[in-house]
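S.K.:
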Amino acid sequence: MSLAAPAALFLALLAIPIIVFYILKIRLRRVPVSTVIFWQQIFEEKQPRSIWQHLRHLLSLLVQLLFLMLLVFALGQPFFNWEILAARRLVLVVDNSASMNATDAVPTRLDAAKKIGRDLISGLRFRDELAIVAGGTEPHVVCGLSGHERTLLKALDDLPATDGPTRVGEAVALARNLIGGRSNAQVIVLTDGCFEGLEHLARAADVRIHSVGRRTNNVGITRFQVRRSLLDPTGYQILMEVANAGDDPVECRLELDLDDDVVDVVPLKLEPGGRWSQTLDKTSTSGGRLTARIDHADALSADNRAWALLPKREPLKVVLATEPNLFLEKVLEANPLVQLQVVREAPQQVPAETVLILHRMIPERIPPGPVFVIDPAAASDLWELGEPLENPIVTKQDRDSLLMTHVRLDNVVMPQAKKLTFSGHAHVLAGAVSNDPVYASIERPSGKVLVLTVNLDQGDLPLRTAFPILMTNALAWFSGAAGELREALATGAVTEVALPGNPATGAAATQAPALQLWPPGGGSPRPLPAGLAQAVIGPFDQCGVWSIAPAGSGVKSPAPAGAPTLEIACNLGNREESDLRPTEAALALVPAETLAAGWMTRPIWYYLVILAWVLAGLEWYPYQRRWIS
Amino acid sequence: MALFDSEFLKQLEYLSLVSRRVFRGSLLAQKRTMQLGGGIEFADHREYTPGDDFRYLDWNLYARHEALMLKRFQEEEDLHVYFLLDCSRSMAFGSPSKFDLARQVTAALAYIALADLDRIAVVAFSSDIVADFPLTRGKARILSLLRFLENLPAQGTQTDLSRVVTGFVHRNQRRGLAIVVSDLFDPAGFDRGLDMLRHRRYEPHVVQLHDRTEADPKLLGDIELFDVETEAARKVTVTERNLRRYKKIFDEYQAAVRKYCRNYGVGCTQTSTEVPFDDLILKMMRTAGAVV
Chain A
8 MSLAAPAALF LALLAIPIIV FYILKIRLRR VPVSTVIFWQ QIFEEKQPRS IWQHLRHLLS
68 LLVQLLFLML LVFALGQPFF NWEILAARRL VLVVDNSASM NATDAVPTRL DAAKKIGRDL
128 ISGLRFRDEL AIVAGGTEPH VVCGLSGHER TLLKALDDLP ATDGPTRVGE AVALARNLIG
188 GRSNAQVIVL TDGCFEGLEH LARAADVRIH SVGRRTNNVG ITRFQVRRSL LDPTGYQILM
248 EVANAGDDPV ECRLELDLDD DVVDVVPLKL EPGGRWSQTL DKTSTSGGRL TARIDHADAL
308 SADNRAWALL PKREPLKVVL ATEPNLFLEK VLEANPLVQL QVVREAPQQV PAETVLILHR
368 MIPERIPPGP VFVIDPAAAS DLWELGEPLE NPIVTKQDRD SLLMTHVRLD NVVMPQAKKL
428 TFSGHAHVLA GAVSNDPVYA SIERPSGKVL VLTVNLDQGD LPLRTAFPIL MTNALAWFSG
488 AAGELREALA TGAVTEVALP GNPATGAAAT QAPALQLWPP GGGSPRPLPA GLAQAVIGPF
548 DQCGVWSIAP AGSGVKSPAP AGAPTLEIAC NLGNREESDL RPTEAALALV PAETLAAGWM
608 TRPIWYYLVI LAWVLAGLEW YPYQRRWIS
Chain B
1476 MALFDSEFLK QLEYLSLVSR RVFRGSLLAQ KRTMQLGGGI EFADHREYTP GDDFRYLDWN
1536 LYARHEALML KRFQEEEDLH VYFLLDCSRS MAFGSPSKFD LARQVTAALA YIALADLDRI
1596 AVVAFSSDIV ADFPLTRGKA RILSLLRFLE NLPAQGTQTD LSRVVTGFVH RNQRRGLAIV
1656 VSDLFDPAGF DRGLDMLRHR RYEPHVVQLH DRTEADPKLL GDIELFDVET EAARKVTVTE
1716 RNLRRYKKIF DEYQAAVRKY CRNYGVGCTQ TSTEVPFDDL ILKMMRTAGA VV
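These protein sequence lines are chains A and B, in that order.
For the first sequence, my numbering begins at 8 and goes up steadily by one.
For the second sequence, my numbering begins at 1476 and goes up steadily by one.
#1: May I ask you to list, following chain order, the residues of the stretch 1674–1700 of chain B that have a beta carbon less than 9 Å from some beta carbon of chain A?
#2: Could you tell me the alpha carbon to alpha carbon distance between B:D1753 and B:V1580, rounded to whole angstroms?
#3: Could you work out which residues of chain A lie near B:V1703, taking near to mean beta carbons separated by less than 8 Å?
#4: In whole angstroms, what is the alpha-carbon distance linking A:Q346 and A:S486?
#5: Taking 8 Å as the limit between beta carbons, can you name the residues of its chain near A:R651, skipping five residues before and five after?
#6: Rounded to the nearest angstrom, what separates B:K1734 and B:V1681 at their Cα positions?
#7: Looking only at C-alpha atoms, which of A:R372, A:V357, A:F379 sits nearest to A:L365?
#8: Would the beta-carbon of A:T241 fall within 8 Å of that of A:S291?
#9: Less than 8 Å separating the beta-carbons of A:N184 and A:G143?
#10: Would you say B:K1710 reaches chain A, if we count a Cβ-Cβ gap shorter than 8 Å as a contact?
#11: List the residues that DSSP assigns as beta-bridge partners of A:G454.
#12: How would you list, in chain order, the residues of chain A whose beta-carbon sits under 9 Å from the beta-carbon of B:Y1721?
#13: Who are the Cβ neighbours of A:A11 in its own chain at under 8 Å, not counting the five residues just before and after it?
#14: A:D388 to A:A328, Cα distance in whole Å?
#15: Considering only their Cβ atoms, is the gap separating A:V257 from A:V226 smaller than 8 Å?
#16: Looking at the C-beta of B:S1747, does it have a partner C-beta in chain A at a distance below 8 Å?
#17: Round the Cβ separation of B:L1718 and B:P1692 to the nearest angstrom and send it over; I've been treating them as touching at under 8 Å.
#18: Give a yes or no on whether 8 Å exceeds the smallest Cβ distance from B:N1717 to chain A.
#19: Give the interface partners of B:F1725 over in chain A, defined as CB-CB distance under 7 Å, in chain order.
#20: Should B:S1637 be flagged as near chain A, meaning a C-beta pair shorter than 8 Å?
#21: Starting from A:R36, find everything on chain B with Cβ-Cβ shorter than 9 Å and list it in chain order.
#22: Would you decide whether A:I26 is buried or exposed? Buried here means 16 or more other CB atoms lie within 10 Å of its CB.
#23: Specify, as a first and last residue, the run of the alpha helix (DSSP H) that A:I400 falls within.
#24: Just mark A:K121 as buried or exposed, buried being the case when its beta carbon has 16 or more other beta carbons within 10 Å.
#25: Scan the stretch 189–225 of chain A and note each continuous alpha helix (DSSP H) run of 4 residues or more that stays entirely inside, going in chain order.
#26: Quick one: which chain A residues come within Cβ less than 9 Å of B:A1599?
#27: Relative to the alpha-carbon of A:V194, which residue among A:I49, A:V420, A:F28, A:L99 has its alpha-carbon at the smallest distance?
#28: In the DSSP assignment, what residue or residues form a beta bridge with A:N581?
#29: Hey, is B:Q1510's beta-carbon within less than 8 Å of any beta-carbon in chain A?
#30: Closest to B:M1760 by C-alpha separation, out of B:R1646, B:G1742, B:A1731, would be which residue?
#31: Look up A:Q423 in the DSSP assignment and say whether it is helix, strand or coil.
#32: Using alpha carbons as the reference points, say which of A:D267, A:Q232, A:R260 lies closest to A:M247.
#33: Note down, in chain order, each residue of its chain lying with its Cβ closer than 8 Å to the Cβ of A:Q355, except the 5 sequence neighbours on either side.
#34: Using a Cβ-Cβ distance cut-off of 8 Å, determine whether B:F1660 contacts chain A.
#35: Could you list the residues in the stretch 1568–1589 of chain B with a C-beta less than 7 Å from some C-beta on chain A, going in chain order?
Rendered as structure tokens:
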């Protein structure tokens, strides 16, 4: 046995004043009484035993000295060498994924897992160390290796429930890094076992798995996405999938709401383990928050609702300067968002927020503002006109550009196009085999310009579905990102967003209000980096609609200061998480033996202090109690 | 402050006024003796015998029945009241001390007796008779009595009531009331002394005093008990159980005194020193019906 603080032994000198006080104390206080005849009756009735009478004061002194010595020894912090050798290093991986929110364990699987974790922490020996790692959404170390019980318990209690995916495998890898190959170490996983790879973990020697929850049926929305219709600029398509992760057939209803208006109600009949998937076409120019919900009460509520955001489509003013061209006029008239004005001469000025389409009519200078040039018939300040291109075959296409989304020109017959030589930089969206641009974009300080060199009167481009899509993409590009759909994210995902009103550089960057990411249904916002135009945010750990909004008046303001500048829908959308039936490997797990480390879970000084106080009580009862009672 | 000040004398006067023949009333269970003599209250007749005083012949009766009958009258006799005052050192215990209250009670009762034209005497004792205030009569003697009491110290080594009474009853004096003012902390017991008074045809009355700390001592722990009377010391450990036992013994002792007095028709007054002397006297008189 060794002492961690041997200097504390000097406190044993306190025995000297105790002995001095003892000597002073045995000189009894003289109390005058009028007579002792009554006292004599008492003490003659019960004569004290002589040995006890003589030793009792000495015994009191010895007990007091022993009390002091125990305290002094405790302050010296004694320890056995085997305590250090036998100290364990444990890592507690707590699965806080969405499936752990199931209520088949009371109140939830996560709370049941935390209870096991608390028992484990309470059973730690003095020199044991334990770390806590979250195993859901984003594996991270919740609490580093520590032996402090209260710290560990608080970290475990503060571990939040998330709607994210199970990532126990990565969490175990992180836990193994914490262990660092040390002997007498172990990873303890608290999970519901509803994920693939549990069998592999269960076979590992350094991993012990504790399963919570039981086989539970669940019905959930596993996919919910919305996108713009390829044909209808005001239309949108909804992709829905509902899965029955249970052993019994289920009948329920799926209700779709756009804000407060019911869009559709779909009755569902799902076979055990079955899935229902469908795409619905709807139209809306006003946009709003699209919500899907199923009316089925089950153990997991996170997948009973799903959200998608449908932005409002603003009308777009378009001035078409062209000779009569049926295809071009009709493709624009067919777009309900377009407010079309057809002119027969190229205007010198373009009204504000108006897209000018120049079909063959090319002024000497392209007017400022957004301009879409189709089949230019003459040169301008932006290009020089060359010889016509005969039968250009598109071999290069920028598939990453929004302008080319769902557009394929490589199989379109284009008998004639113009050969252009741009005076400045132009981004080629589609190029011919001769490296001549067929479709290009120019970013001017005074406005964007698109140039399509194809002769629409020849070839079948106006007859292909790519043409209206190309036109729609072009108009959307001119109008900016406003009104674009943003896909609903799955929990646990990260995304890159443009931060509106948060320019990257310049004086405006310092004046831009600080933005925060607000979780669904309130809660503490998360600050976003200031001064950035783009930011990667996530992972999202809650289902619902997240919003990016200016910060409130305080750091922990309960509400944003202004309207959201950007909203992001986030759904569970995870078949594995919706399936609350543990894997066979999890069900085969034998209930774990007790994790307690035996009786000596405290340091030696703890027991010494307890013994000292027991001695103090034993000394107080016969000797001191009468003084204070 | 002096033991007997002017305020005390005023209180004595008040008590004497409100009293109504205390010592001849039922306070001390004293029955008036039928001694016939030259009083004014007619008692009965008896036949004339030669040598009787002609002045007491009932001439009206002789004229009516021709029988010489002598009228007899109840003789008025002054009462002798003896105060046996305990002045042992145990009486000096307490705050206020039992001895102070004992002297005040003695003075008050003596004043009432003197006011009623009775004779009083005070016998101070501890282990033996230590001082005497001789038999006296008349209210004018009260100041002498007060001076005697005031100069009386608490003394003596151990109370011995039996020995004191033995000396007292062998004096050549008339019988009367014997008021014992004491704490009765007599190691030999209080009953032998009182028995002797009764057997010698005195009318004993007990005024037993005790201090609050004697009835309910606040002692705990290892202490050395010091008997102020015998100056004996004893090291003891007083526990709560011992305290409970002490109180029981003390209460039993008090009850024994009351039982003795009740059995033998002896007047008994037990009081704590916390009770002022005038309240105590009034209480005694109310108990006796001597005051309204």
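Note that CB positions come from ideal geometry on N, CA and C, so glycine has one too.
M.R.: In this structure, then:
#1: H1685, D1686, T1688, E1689, P1692, L1694, L1695, G1696, D1697, I1698, E1699, L1700
#2: 8 Å
#3: P39, V40, S41
#4: 13 Å
#5: Here chain A has residues from 8 to 636 only, and residue 651 of chain A is not among them.
#6: 12 Å
#7: A:F379
#8: yes
#9: no
#10: yes
#11: A:R451
#12: F45, W46, Q48, I49
#13: G83, Q84, P85, F86
#14: 18 Å
#15: yes
#16: no
#17: 7 Å
#18: yes
#19: F45
#20: no
#21: G1696, D1697, I1698, E1699
#22: exposed
#23: Per DSSP, A:I400 belongs to no alpha helix (DSSP H) and is neither H nor E.
#24: buried
#25: 205–210
#26: Chain A residues near B:A1599: none, gap ~18 Å exceeds 9 Å.
#27: A:L99
#28: Partner(s): none; A:N581 has no beta bridge.
#29: The pLDDT assigned to B:Q1510 is 47, lower than 50, so where the model puts this residue is not dependable; a value taken from the coordinates is nonetheless given after this. Chain A contact via Cβ: absent.
#30: B:G1742
#31: strand
#32: A:Q232
#33: P370, P374
#34: yes
#35: F1568
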